[in-house]
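What follows is a set of notes on a single structure, which appears directly below.
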Amino acid sequence: MSHDRPLVVVTDETLFDEILRLAAAVGCQIQHAPDLVAARPHWPRAPLVLVDEQAIRGELPRRTGILLVTKGPPAAETWRRAFEAGVERVIALPDGEAILIGALADVAEGPAAPGGCVVGVIGGRGGAGASVLAAAIGLVAAEEGEALLMDCDPLGGGVDMVLGAESSDGLRWPGVLVGGGRISLPTLTKALPARRYRGGRLPFVSCDRKGHGPNAESVTSVIEAGRRAGSAVACDLPRHLGPQAEAVVRQADLVVLVVPAEVRACAAANRVAEKIAEIRDRMRLIVRGPAPSGLHPDHVATAVGVPLLAAMAAESRLEKSLESGRFEPAPRGPLVTAARIVLSEARAGAKVAV
840 MSHDRPLVVV TDETLFDEIL RLAAAVGCQI QHAPDLVAAR PHWPRAPLVL VDEQAIRGEL
900 PRRTGILLVT KGPPAAETWR RAFEAGVERV IALPDGEAIL IGALADVAEG PAAPGGCVVG
960 VIGGRGGAGA SVLAAAIGLV AAEEGEALLM DCDPLGGGVD MVLGAESSDG LRWPGVLVGG
1020 GRISLPTLTK ALPARRYRGG RLPFVSCDRK GHGPNAESVT SVIEAGRRAG SAVACDLPRH
1080 LGPQAEAVVR QADLVVLVVP AEVRACAAAN RVAEKIAEIR DRMRLIVRGP APSGLHPDHV
1140 ATAVGVPLLA AMAAESRLEK SLESGRFEPA PRGPLVTAAR IVLSEARAGA KVAV
């Protein structure tokens, strides 16, 4: 319906084309009026109004949510007219593209949805099972609602292989390098491959076997989009944190450290935990069995210096199914149970999306 769309009262064709381009980037449909007379029927009910410098030469009906869009920095006279017309904000393109995209995305997406959370999963040592747990968290979250699995480990072989979905069509990094700024999660997920599990659909963005992984700006944009959309975002992180993984750690509601119940793994995990000690209040431990020497999960937590969230027994046949390209964790098995515990903890401490 027209009153659900931003109203654009712009006569400059070049400026109008720029607004169309930015609106399309976030999946926002617009209502165009060439002048104030044509705009009058839509003016009161439009969620947002964009005008150009020509429009503020006339008398604008008073309302909130009027943005003046200009090509380049506005002159002093333009600022004066904008103030007198009740313009809420002046956006100069191209420098203000991110601001305008954000305003258009707010209309397209509506209010931030509840339930969004971000979980980072790190292995305490190589082969600890972090990628498998991250994938399980994504599948469980997709079964319950909206979810996204994000691979932030360019040397991990690709989380699509963990899911058994390496042949699925859709974008991988670096095809999703959005360069920062506001993006629409529904628009993004249409371009991503997805894995189905028990009635749920899990979109995922995986590192490929070639090319670069994500950059910090893209990771931040995708996480923010997921939180606004009310999605649970599970992130597979490398042990050696680069800028992209550090971006996840800064924004995560919970960072889970996966540690096998082994003495050497405890020593390695302690070093990993030290690297992100500043978020210790948001860090929890998952201890993975079996314990060859009978090491108790509480003793692992003490050695690593991170509070214990759950102990996870070995799951029979899981490793064999992973090697054969099938990832079907048992619905009531140790892996899915641990994933549900992690999700519950993350949602309990989740930030409010803005």
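Here the numbering used here is used: the first residue of the sequence shown is 840, the next is one more, and so on. The beta-carbon is built from N, C-alpha and C at its ideal position, and this holds for glycine as well.
DSSP beta-bridge partners of residue i
i: residue 1042; result: 1033
i: residue 956; result: 1071
i: residue 870; result: 846
i: residue 961; result: 1076 and 1096
i: residue 890; result: 848 and 907
i: residue 1151; result: 1127
i: residue 1145; result: BP columns for residue 1145 are empty, so no partner.
i: residue 1012; result: 1046
i: residue 990; result: 1075
i: residue 1122; result: 1094
Residue i versus the options, residue with shortest Cα-Cα distance
i: residue 1148; options: 1182, 1163 and 1156; result: 1182
i: residue 1138; options: 1163, 1084, 1105 and 1167; result: 1105
i: residue 1174; options: 904, 1116, 984 and 972; result: 972
i: residue 1089; options: 1017, 1098, 1117 and 1020; result: 1117
i: residue 1077; options: 894, 895 and 989; result: 989
i: residue 1109; options: 1083, 1142, 1136 and 908; result: 1142
i: residue 1015; options: 1004, 1003 and 1046; result: 1046
i: residue 924; options: 993, 898, 935 and 904; result: 898
i: residue 1169; options: 929, 1153 and 910; result: 1153
i: residue 910; options: 921, 1167, 854 and 904; result: 854
i: residue 1198; options: 974, 948 and 994; result: In the structure as shown, the chain starts at 840 and stops at 1193, and residue 1198 therefore has no counterpart that could be examined.
i: residue 996; options: 1069, 965, 1040 and 1048; result: 1048
i: residue 902; options: 937, 922, 893 and 914; result: 922
i: residue 1003; options: 1164, 1134, 1124 and 979; result: 1164
i: residue 1042; options: 1058, 870 and 1073; result: 1073
i: residue 850; options: 878, 867 and 862; result: 878
i: residue 1172; options: 979, 1111, 1005 and 1123; result: 979
i: residue 1167; options: 1005, 1058, 1111 and 1001; result: 1001
i: residue 1133; options: 1009, 1099, 862 and 1012; result: 1099
i: residue 857; options: 939, 1013, 1060 and 991; result: 939
i: residue 994; options: 1081, 1190 and 867; result: 1081
i: residue 941; options: 966, 992, 867 and 952; result: 867
i: residue 870; options: 987, 952 and 946; result: 946
i: residue 965; options: 1103, 1135 and 1160; result: 1103
Outcome for residue i when other beta-carbon atoms lying within 10 angstroms are tallied against a minimum of 16
i: residue 883; result: exposed
i: residue 845; result: buried
i: residue 874; result: exposed
i: residue 1035; result: exposed
i: residue 1083; result: buried
i: residue 999; result: buried
i: residue 890; result: buried
i: residue 977; result: buried
i: residue 1113; result: exposed
i: residue 786; result: It is not possible to answer for residue 786, since the shown part of the chain is limited to 840 through 1193.
i: residue 1124; result: buried
i: residue 944; result: buried
i: residue 950; result: exposed
i: residue 1120; result: exposed
i: residue 1053; result: buried
i: residue 900; result: exposed
i: residue 1107; result: buried
i: residue 1189; result: buried
Residue j beta carbon less than 8 Å from that of residue i
i: residue 1096; j: residue 963; result: yes
i: residue 957; j: residue 1062; result: yes
i: residue 864; j: residue 848; result: no
i: residue 981; j: residue 1066; result: no
i: residue 1091; j: residue 1126; result: no
i: residue 904; j: residue 880; result: no
i: residue 1070; j: residue 1024; result: yes
i: residue 1101; j: residue 1131; result: yes
i: residue 907; j: residue 929; result: yes
i: residue 1140; j: residue 948; result: no
i: residue 1010; j: residue 1058; result: no
i: residue 1111; j: residue 961; result: yes
i: residue 1017; j: residue 1060; result: yes
i: residue 861; j: residue 927; result: no
Span separating the alpha-carbon of residue i from that of residue j
i: residue 1086; j: residue 1007; result: 27 Å
i: residue 1179; j: residue 932; result: 45 Å
i: residue 1176; j: residue 1038; result: 18 Å
i: residue 1156; j: residue 968; result: 15 Å
i: residue 970; j: residue 1075; result: 6 Å
i: residue 1199; j: residue 1055; result: There is simply no residue 1199 to check, as the chain begins at 840 and stops at 1193 in what is shown.
i: residue 1032; j: residue 895; result: 46 Å
i: residue 1162; j: residue 1128; result: 19 Å
i: residue 912; j: residue 1079; result: 43 Å
i: residue 1064; j: residue 954; result: 13 Å
i: residue 920; j: residue 1021; result: 29 Å
i: residue 852; j: residue 1050; result: 39 Å
i: residue 1185; j: residue 934; result: 36 Å
i: residue 915; j: residue 888; result: 22 Å
i: residue 985; j: residue 1029; result: 13 Å
i: residue 1122; j: residue 952; result: 25 Å
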